[in-house]
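Here the structure is laid out as structure tokens; the discussion comes afterwards.
Take a look at the structure:
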């Protein structure tokens, strides 16, 4: 089986109340972790992190959530909570993973923090990441419908940084697509001959080929790596429209109870831009 090392609750998990979350924690055969979700007295409700031994590698996993309003819990500023324990966890870990129910503003803060985090697995976003991005810390969002299973294969050879292979694989793919588009349907044509009288296009060709070469060199270096494999469950698991309706109705009732949460730092009363709903889970708002 897949197994589960940890679960980090976020804002949506408290829609049915604190008691419900605590009941689920008792029933679960895996730990709930959160470094910054507290009770009304300021005491942590969960262990902030855990250290798992995975094939001889010490993997530190921290749970964290962006601020959200709830009558039964208090959410400490996530960056403050992280600052209090990140070095403690890092000292015990070969690999440090952050499970973050995160607003985009907090991801930006995290990327400029300099914290020794190797991988961020993010919820609270409808985006399905193709790679971990080009910032300091690879950060992945797996969407919000559970239709895709993200598999991260980590290769650890030394104490160096992890290289996100998907970034370079996508760089090669995108550059090759642009070059093929320039070939105008003839994939055997020599681009430099075709555009010999077009210096601007020749510069673009040089740039795309340079991107491909630099990405290939990065892939060949080896070392510590993250390899992404995405599994589309929709191909093997039959959809249940009735279940999807329950999910959508539940989300609607949650928003009626607590209202949609504004982005972090938004002044009270500030009008919010409408965010389209993605009912079919393809990552594109339907309306």
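Numbering (my numbering), first residue to last: 247 to 533.
Just so you know, even glycine gets a beta-carbon here, dropped at the ideal spot from N, CA and C.
Who are the near neighbours of residue 417 in its chain, counting only those whose CB is closer than 7 Å to its CB and skipping five residues on each side? Walking along the chain shown from the start, residue 417 turns up at place 171. These residues qualify, in order along the chain: 457, 461.
Going by the DSSP bridge assignment, what does residue 309 pair with across the sheet? As a first step, residue 309 is located in the chain shown; it is residue number 63 there, counting from the start. In DSSP, residue 309 forms a bridge with 345.
With three or more C-beta pairs closer than 8 Å as the rule, is the stretch 465-473 touching the stretch 398-414? yes
Hey, how far is the Cα of residue 257 from the Cα of residue 347? Within the chain shown, residue 257 is the residue found at index 11, counting from 1. Within the chain shown, residue 347 is the residue found at index 101, counting from 1. Roughly 8 Å between the two C-alpha positions.
Could you pull out every residue in the same chain whose Cβ sits closer than 8 Å to the Cβ of residue 355, ignoring the five residues on either side in sequence? The residue you call residue 355 lines up with position 109 of the chain shown. Only 325 meet the Cβ criterion.
Could you tell me whether the stretch 362-377 touches the stretch 266-282, where touching means 3 or more Cβ pairs closer than 8 Å? no
Assuming contact is defined by CB atoms lying nearer than 8 Å, are residue 385 and residue 474 in contact in what I supplied? Within the chain shown, the letter at position 139 stands for residue 385. Within the chain shown, the letter at position 228 stands for residue 474. Against a cut-off of 8 Å, the Cβ pair of residue 474 and residue 385 comes out as no contact.
Reducing DSSP to helix, strand and coil, say where residue 298 ends up. For this step, residue 298 is matched to residue 52 along the chain shown. Residue 298: strand per DSSP, three-state reduction.
Ignore the nearest five residues each way along the sequence and tell me which others in residue 510's own chain have a CB closer than 7 Å to its CB. Working through the chain shown from its first residue, we reach residue 510 at position 264. Its pLDDT being 47, under 50, residue 510 is placed unreliably in this model, and the value from its coordinates should be taken loosely. These residues qualify, in order along the chain: 312, 313, 349, 351, 352.
Straight-line Cα distance separating residue 477 from residue 429: For the purposes of this step, residue 429 is taken as the residue at position 183 of the chain shown. For the purposes of this step, residue 477 is taken as the residue at position 231 of the chain shown. Their Cα atoms are separated by approximately 32 Å.
For residue 277, which of 290, 286, 432, 295 has the nearest alpha-carbon? As a first step, residue 277 must be located in the chain shown, where it is residue number 31. Of the listed residues, the one whose Cα sits closest to residue 277 is 295.
Leaving out five residues on either side along the sequence, give the residues of the same chain with a beta carbon under 6 Å from the beta carbon of residue 250. Sequence index remark: in the chain shown, residue 250 carries index 4 (1-based). The residues are 276.
Residue range of the beta strand (DSSP E) that residue 385 falls in? Residue 385 sits at position 139 when you count from the first residue of the chain shown. From DSSP, the beta strand (DSSP E) with residue 385 extends over 385-387.
Does the beta carbon of residue 426 sit closer than 8 Å to a beta carbon anywhere in chain B? The chain labelled as chain B is not found in the depicted structure, where only one protein chain is given.
Can you tell me where the beta strand (DSSP E) with residue 366 in it begins and where it stops? The residue you call residue 366 lines up with position 120 of the chain shown. 365-369 is the extent of the beta strand (DSSP E) around residue 366.
May I have a chain-ordered list of the beta strand (DSSP E) segments no shorter than 3 residues that lie completely inside the stretch 407-478? 471-478
Return the residue from the list 327, 444, 297 that minimises the CA-CA distance to residue 336. The residue labelled residue 336 in the question sits at position 90 within the chain shown. For residue 336, the nearest C-alpha among the options comes from 297.
Rounded straight-line distance, which links the Cα of residue 301 to that of residue 281: Walking along the chain shown from the start, residue 281 turns up at place 35. Walking along the chain shown from the start, residue 301 turns up at place 55. If I take the Cα positions, the gap works out to 26 Å.
Residue 379 to residue 407 span [Cα, whole Å]: As a first step, residue 379 is located in the chain shown; it is residue number 133 there, counting from the start. As a first step, residue 407 is located in the chain shown; it is residue number 161 there, counting from the start. Residue 379 and residue 407: Cα-Cα distance of roughly 15 Å.
Straight-line Cα distance separating residue 327 from residue 264: One-based indexing of the chain shown puts residue 264 at position 18. One-based indexing of the chain shown puts residue 327 at position 81. Cα-Cα distance, rounded: 20 Å.
Determine whether the beta carbon atoms of residue 342 and residue 319 lie at a separation below 8 Å. Looking up residue 342 in the chain shown gives position 96. Looking up residue 319 in the chain shown gives position 73. Against a cut-off of 8 Å, the Cβ pair of residue 319 and residue 342 comes out as no contact.
Does the separation of the CB atoms of residue 490 and residue 393 fall below 8 Å? The residue you call residue 490 lines up with position 244 of the chain shown. The residue you call residue 393 lines up with position 147 of the chain shown. Cβ distance not < 8 Å, so residue 490 and residue 393 don't count as in contact.
Spatially closest choice to residue 286 from 293, 322, 262, by CA coordinates: For the purposes of this step, residue 286 is taken as residue 40 along the chain shown, with counting starting at 1. Ranking 293, 322, 262 by Cα distance to residue 286 puts 322 first.
So residue 309 and residue 252 are in contact, right, with Cβ under 8 Å, and what is the actual spacing, rounded? Within the chain shown, the letter at position 63 stands for residue 309. Within the chain shown, the letter at position 6 stands for residue 252. About 7 Å; that satisfies the 8 Å criterion.
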